[in-house]
Amino acid sequence: SFSQKLFVSSLGYMFQWMPRMQLFSDPFIGSGFPEDWTIFFIAFPLTYAGLMGVFVAKISKGRTMKELVLGCMLGISIGTWVFFGINSGLAMDRHLSGTYSLLNEVTSGDPYRGIFTLLDTLPLGTISAIVYVVCVFGFITTTLDAASLALASTTTKWLDADNAPSKRARLFWCVMLTLVPLSIMFSGAPFNALKSLAILVSTPLAVIITFMTVGMMRWMMHDKHVPGMLIVRPEDVAFAGVETTFGTSKV
């Protein structure tokens, strides 16, 4: 089908041109695209990289480090590729066939209605729209749950026997994480404000994550030459619960 061909073609294009797209700064024309999109989409994930790291460590107890790394790198990447492949393939197929143009809907200023109109072009359009809404709510719920767990764990001095924060702390962060985007939405702030905020927050985090990555690599290289068990005090990894040897390290 068209979506399958587009997915394979786009995957090859990505692997071929990824370095150029990431380093493209448009010095001659100065269209502003790299500043508005490329830098934003590199900076945006960094804003929640820290809390997602804590969350992944919390839910990965018993997994080896190899399973953890491969799950995050391959699982998340493949899921994202499939998601965009199906949705973008459907939109482009409807646009090229003249059935429906999501581009016109977006340029008219109502992209959210365009999503449901696009889904309505499917044989089971109403059911697809319901499934879409359920998936959106599920995504928002799990995201808030993960973020509140990570933030509550890092801001709580004393955790319970299961290394979990109190429900009040998690509820507080859920409310705060809900109020921030709602305030931006109802204030009518332009999308550029969100872009600027993401870049501003991610800049210091990029430096911190760089040092953390170097430190982790040095730690692992050191442990590679240590025979036997890697002795880790429970209080040093209260939220991660490492109980492992190098190579088959369990988080």
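Per our numbering, the sequence shown starts with residue 14, numbered consecutively.
The C-beta atom is built at its ideal place from N, Cα and C for all residues, glycine as well.
Buried versus exposed, by CB contacts within 10 Å (16 or more), residue i
i	result
R183	buried
W186	buried
M242	Residue placement at M242 cannot be trusted, given a pLDDT of 44 that sits under 50; the coordinates are not used to answer.
L131	buried
S215	buried
A70	buried
Coarse secondary structure for residue i, derived from DSSP in three states
i	result
T77	strand
Y265	This structure gives no information on residue 265, because the portion of the chain shown stretches from 14 to 264.
T226	helix
T130	helix
P178	coil
P47	helix
T139	helix
E248	Low local confidence applies: a pLDDT of 47 at E248 is under 50, so the model's placement there is unreliable, with the coordinate-based value given in what follows. Helix at E248.
Rounded separation between residue i and residue j - CA only
i	j	result
F28	D49	22 Å
W232	L213	30 Å
D236	M229	11 Å
A104	L116	9 Å
P217	L109	43 Å
V21	I153	29 Å
R126	A142	11 Å
F199	A206	13 Å
L172	R76	22 Å
V147	P194	20 Å
L87	Y61	19 Å
V227	I221	10 Å
M34	P136	37 Å
CB contact flag (residue i, residue j, <8 Å)
i	j	result
A219	L59	yes
S179	T169	yes
T93	T112	no
A165	A56	no
G122	L19	no
K208	F53	yes
The ligand GTP heavy atom lying under 7 Å from the CB of residue i
i	result
K18	The model depicted lacks the ligand GTP and carries no ligand whatsoever.
Contact belief for residue i with residue j at Cβ below 8 Å, rounded distance in angstroms
i	j	result
V67	A163	4 Å
T120	L157	Not a contact, Cβ separation roughly 32 Å.
D106	S23	About 13 Å; that fails the 8 Å criterion.
S38	P32	That belief does not hold up - the Cβ atoms of S38 and P32 are roughly 13 Å apart, past 8 Å.
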